[in-house]
Each structure stands twice: as C-alpha cells, then as structure tokens.
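Heads up, the thing below is written out as structure tokens.
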Amino acid sequence: MATTEVLSEVIGSVWRVEKSQGDSVAEGEVIMILESMKMEIPVEAPVTGTLSEIKVAPEGSVDEDQVLCLIES
Amino acid sequence: MSDRELEDKPGFWAKKISELEKRRGHAAEMGGPDNIARQHNNGRLTIRERIAGLTDVESFREVGTLAGTGKYDENLKLISVTPATYVAGSARINGRPVAIGGEDFTVRGGTSFGAQRRKGGQGGYIEDLAHHYKMPLVNLIDGAGGSVTSAKRRGFVVFPGVDGFERSVELLGEVPVVSAVLGTAAGGPAGRAILSHFSIMVQGSSQIFAAGPPVVKRSLSQTITKEDLGGPAVAVNKGGSIHNAAETEEEAFEQIKKFLSFMPQNVWEMPPVLPVDDPVERCEEALLNIVPEKRTQSYDMKKLVGMVIDSDSGFEIRPTFGKAAITMLARLGGRPVGIVANNPKVYGGAMDADAARKQIHFMELCDTFHIPLVFFVDVPGFMVGLKAELDGTLREGMRAVYMAGQLKVPTLTLVIRKCYGMAGMATCNKSDIDLKIAWPSGEWGSLPVEGGVAAAFRREIQAADDPKAKEKELEAGLRAYSSPFRTAEALAVEEIIDPRETRPILCEYIALAESRLKIGLGPRAKAGVAP
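Chains as they are written, first to last, in this note's numbering: chain E, 117 to 189; chain C, 5 to 535.
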C-alpha cells in the first residue's frame, strides 16, 4: 500500500467536493473542484485507489502545494 | 645509432603503432575497473557508454584520445597513461553531425584537467569544434569543475574567467547547444549546463547547484542533502535552472535526439523538414466540442494541441515548470514549429512570472533557429495577487510582451478562448503580418467583463437597490458587444474558423512561411534593453 498526496496546483478556494472519504477513485476521476482566477479547477485522482482522507472542505481556501486529500493504492 | 639509422631498421614504425595502440588502450580503460564499477553502482553510465548510447553506431570520431598524464620508468619508457578527465569528438545523431563530449567521472571525479589546450567545458576544444564546423554541441556533464588543489600544482590561483564563457555565449547564437547533467554538477560545469538551448537531468542520479551541501553548511549553517538542494524537484520543477527531467540516462538521450530533430545544424540553415504520414487536410471532429460552453470550465489544452499537430510530433520543453504556459516543439505538415499555448487548467492560463520566463526563452529559441511560432491563446491576463506581485509578474510579463515585439520569425496567433490585456499582447507579433485567427469560442478585450464592470461602474452598482443584480445586468449588456463575429466585422481579428479546420489552415500558413524563413536565415539581431 502506498499513500499518494494530492496537492493543489493553485491558490484559490474549494468550490465542491465530489467524493467522500472511503470512496474508491479511478485515475483521472474528479475528486473535487477548486475555484481560482474565476475558473473551475478540477482536481483529478493521480492514481487509482481509495480516498483515505479529505483534508479540505467547501469554501475553505487553499494554497499552492497544499495537501487536499490522500489516496491509498 | 643516429635517428636516421634507427628509422631505417625494420619494424620501427610498427613499434610506434604499437605504442599508439597501447596509449589508445589506456584511454579506453578510463579510470580503471574499480572506478567504472563505482560509477555503475551509482546508477550512472561511463562517458564512453553515454556517447555510444546517444550517437549513431560507430560514428564517434575521438579527438584528444591520448591526452592524459603519462607515467614513465627511470629510462623514460612508458608504463601507463591516466587519461584526461574529458572525452570529446564528433559523431552523428540520426545521421547528422554533432560535437559531443563530457567529463569522465571515473578519472579524478571529472575535475578540470590542466593541459596546453582544454578538451572540454567552457573554452575547450569541443566548443571550438562546434563553432568552426557550425554543428550542434552536446555537453554530457558529470563533474564539479575546478579543484582547489590545482592552485598547488599551478603555483598560483587563477582569476575568474581564465577559462571563460566567451565561446559558450557565442555558440548560443550560432548552433544548437544541448546539456545533459548526468551526475552532480557544481561550479563551472553547472554554469556550462545553463548556457544551452536545451538542458536535461536524470531523476535520482543528478543534481545541480552553484555550490553543494558542504559549502551551504559552511556559509549558512544549513544542513541539506544534495538531492534536496539540487535534484530535479528543485532545479527543474521550481527553479527552472534545467529544462526537462528524465527517468533514466537512456530516456535523457532520447529527449536530446528528439530536441535536435527539430533543430537546424546552425542558424544559417533551415530547420529539417521530415516526411509526414498524417494528412495536412485532416479535420479533427473532436475539436468542435473540446471547449466547454461554460466559461468557467477548463479543458485539456495539451490534448487540443495534440489533435492539431502532426500525430505524435510534439516535444514539450519544461513540462513541469511555469505550467500556466505550455511550450512545445512540434511539426505541422512535417515542418518544425514552436507552439506556445496557455493552460486553462493552471490559474485559468493567467501568465505568472515563471510562465513568462518560460515563454520568453522558448520564443527566443524559435526565433534564433528560424522555427515559426504558433500561439494557442487562452489567457485571461497577467496573474494577480500578492504572490504574483512579489514574483515580479508585471515585469516578467512585460518582458514577454517586449520579446514578442522583437520576433522576426513568422508567427500565427490562434485564439481558442480568452485573449485579454497585456498577456494577450505577448501572443501576437506586431512586426509580422499579425494574422489573428479565432475559434467562435474566442473572446477578448482590454480586460474581462467580470471584474471590469465592478471597477468601471462602482458607484452605479452601489447605488442600485440590488447591487448584485445591477452588476449582472451591466455585464450582460456589455457581453452583447463581445461576440467575436462583431470584431471580425471590423477586421480586428482577421479570420474566424471552424475549430475542425484548424490543422489544414495552420499547415497551409506554415508551408507559406518557408520562403520568408529562407531569406531571413543567419544570426538573430541583438535586441535593446529588455525590461
């Protein structure tokens, strides 16, 4: 089992979280959508696995390289 | 016996040839089996394996093979030669000549070798070879440069620049220069790596910095590993000192070959055109719906570009640095082109300082080697916010605008979606024909309607009973004017096209550019003072 940290590529805010803790995700599947520069920024799973932790909530602000969630694979 | 009589003896020259063979043998042995094993255990190839891996079979013609330090017995008979710490020569890559050389880390860690003439590095024979024969230079870097011990050998310390970068600098305007950092590079070799058009390093086995961990410890009392200080995560992804990273040395060689495949031999020649299987008339159906109708949704710009260029021809430079911009060498109808695209997935494609730096380098690269540029535009403007201001985004962004204004190479501007403000100006070449082609999804202006309305109609909005509704109403009113077709009526954008027609149209213009390119060959004129 490996843990993958999913990082925010942008400074902005969390608009919608599409998945819940414990959900399984496929590589490329959208986990959440951030908002930055008036754009929706989908955060896609970099690997297939299980979402073991979601570290942010809607409307919360995020920084570049902040850990958004963890995937066990 | 006199020399005359000696020469007449049978076998005299055969003996000389045998000495030559012996000396060549010492050169081939490099630093000896133990040091070679250590190099391999560190996951690295030897310099001779590297040259063989990168160049066409048996194409390497070595120069300075015999340079080294000879060891003689009391009768001055040769015992052995420790080879010089650099291997150099000419070779072919995909049939095209290059000058190639690199430090031999198995000999004294590749430290500089003092001889009458330098073999490699800055000011070395290898640079002269590339300069005089006007062919690309490939530097395979694996050394830390000078050693303080050389002062003892020499009897004095040298002034900086005795082995100067003059030739290295000159080469940047003459021939393609590629540097691969294949070990730990500091000092001179690190500097040499940067003075290149394309640089690459290998994950896990290469690092680059001005000075390594011991100097950092001594100077700043900071303890840091060499990987944390100068591995690709720092040097490629964040610092941008090196352009690309590869997983293995072999992959680095493949990237170098790919880069050179787009380059002319020198600035006096045309970039190489290759036969193409992909029909230039191909109209990609999927382009029609690739841009989401909802303006706040992004899409995959790399996929979009990939559908337009000759299939599998793209080679991205700096994929992990300044990601708001995508810079890619590719082919359209077999002809090399440079593609600058904004990436709507990263800050909506807004130009930040790193993206600007990346775009500037790439524009200069293409302009120098007469490779036409195609901009795939979706840029909402310069990046905003405190971090952006601290990074000097405005200055870097205006430098991109300045550099776009200096371009001599034919340039096409294809507006996919947004083209706003000064960042939008950096996607056009006003000294060229300034042909701007847009998709129907194109939108442009000095600044986007949202935000712009809030600033321009602040009082009116505040005075309204429902300020939010008023703002929306004003926005909707202005948006009616922002149809791209209205701009096309005024010929302020020259053509609006069906997205599916993109490839045939771009291929046609790139083919038309050929005559222009041919009369513009030669060194690129130096610009004035960049902001």
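Ideal Cβ positions, reconstructed from N, Cα and C, are used throughout, including at glycine. None of these values were measured; they are calculated from a predicted model.
query, result
"Between which two residues does the beta strand (DSSP E) carrying Asp282(C) extend?", "Element bounds for Asp282(C): n/a, residue is neither H nor E."
"Would you kindly report the start and end of the unbroken beta strand (DSSP E) that includes Tyr90(C)?", "90-97"
"Can you pull the chain C residues whose beta carbon is under 8 Å from the beta carbon of Ser152(E), in chain order?", "Tyr351, Gly352"
"Using a 10 Å radius around the Cβ and a threshold of 16 neighbouring Cβ atoms, would you call Gln269(C) buried or exposed?", "buried"
"Smallest Cα separation from Met332(C): which of Phe489(C), Phe379(C), Glu499(C)?", "Phe379(C)"
"Using the beta-carbon count (16 or more within 10 Å), is His201(C) buried or exposed?", "buried"
"Have a look at Ala184(C), Gln126(C), Ala189(C) and flag the residue whose alpha-carbon is nearest the alpha-carbon of Pro164(C).", "Gln126(C)"
"Check whether the Cβ of Thr119(E) lies closer than 6 Å to any heavy atom of the ligand GDP, and answer yes or no.", "Ligands are entirely absent from the displayed structure, and the ligand GDP is therefore not among its contents."
"For my contact list, Pro527(C) and Val182(C) are in at a C-beta cut-off of 8 Å; report their separation, rounded to the angstrom.", "That belief does not hold up - the Cβ atoms of Pro527(C) and Val182(C) are roughly 19 Å apart, past 8 Å."
"Quick check: is the beta carbon of Gln259(C) nearer than 7 Å to any beta carbon in chain E?", "no"
"Measure the C-alpha to C-alpha separation of Gly176(E) and Lys307(C) and round it to an integer number of angstroms.", "31 Å"
"Less than 7 Å between the beta carbons of Gln211(C) and Thr188(C), yes or no?", "yes"
"With a threshold of 7 Å on Cβ separation, who are the neighbours of Thr372(C) within its own chain once the five nearest residues in sequence on each side are excluded?", "Gly177, Val271, Arg528"
"Could you check where the beta strand (DSSP E) with Tyr76(C) kicks off and where it finishes?", "72-76"
"For Arg2(C), tell me which candidate among Lys391(C), His136(C), Ala119(C) has the shortest Cα-Cα distance.", "The displayed coordinates of chain C run from 5 to 535. Any statement about residue 2(C) would go beyond what the structure contains."
"Does the Cβ of Trp17(C) have 16 or more other Cβ atoms within 10 Å, making it buried, or fewer, making it exposed?", "exposed"
"May I have the straight-line CA-CA distance separating Val61(C) from Leu186(E), to the nearest angstrom?", "47 Å"
"Going by DSSP, which residues form a beta bridge with Gly105(C)?", "Ala92(C), Asn143(C)"
"Is there a C-beta anywhere in chain C that falls below 7 Å from the one on Met155(E)?", "yes"
"What three-state label does DSSP hand Cys432(C) in the structure shown?", "coil"
"Is the Cβ of Ser302(C) closer than 7 Å to any Cβ of chain E?", "yes"
"Return yes when the Cβ of Asp395(C) is within less than 7 Å of the Cβ of Ala357(C), no when it is not.", "yes"
"Does the structure place the stretch 462-475 of chain C close enough to the stretch 442-450 of chain C that three or more beta carbon pairs sit under 8 Å?", "no"
"Less than 8 Å between C-beta atoms, sequence neighbours within five positions excluded: which residues of the same chain meet that for Leu84(C)?", "Correcting the residue identity first, residue 84(C) is Ser in this sequence and not Leu. Same-chain partners within the cutoff: His30, Gly74, Lys75."
"With a threshold of 16 other CB atoms inside 10 Å of the CB of Gly128(E), please say whether the residue is buried or exposed.", "buried"
"Are the stretch 46-63 of chain C and the stretch 143-150 of chain C touching, with three or more C-beta to C-beta distances below 8 Å?", "yes"
"Using a Cβ-Cβ cut-off of less than 8 Å, list which residues of the stretch 384-408 of chain C approach chain E; keep chain order.", "Pro384, Met387, Val388, Gly389, Lys391"
"Please classify Asp181(E) as buried or exposed, where buried requires at least 16 other C-beta atoms within 10 Å of its C-beta.", "exposed"
"Using only CA atoms, which one of Met311(C), Tyr406(C), Gly113(C) lies nearest to Met538(C)?", "Absent from the model: residue 538(C). The displayed extent of chain C is 5 to 535, so no value can be given."
"If the cut is a Cβ gap below 8 Å, which residues of chain C does Glu125(E) touch?", "Lys327, Lys349, Val350"
"Who are Cys511(C)'s beta bridge partners in DSSP?", "DSSP, once it has assigned bridges, lists no residue as partnering Cys511(C)."
"Please report the residue range of the beta strand (DSSP E) in which Trp448(C) lies.", "447-449"
"Per DSSP, what kind of secondary structure is Ile212(C) in: helix, strand or coil?", "strand"
"Please list, in chain order, all residues of the same chain as Gly124(C) whose beta carbon is under 6 Å from its beta carbon, the five residues on each side excluded.", "Tyr90, Ala92, Gly105, Ile130"
"Alpha carbon to alpha carbon, how far is Gly524(C) from Phe461(C)?", "49 Å"
"Start and end of the alpha helix (DSSP H) containing Asn248(C)?", "Looking at the DSSP string, Asn248(C) is not in any alpha helix (DSSP H); the run it does join, the beta strand (DSSP E), is 248-250."
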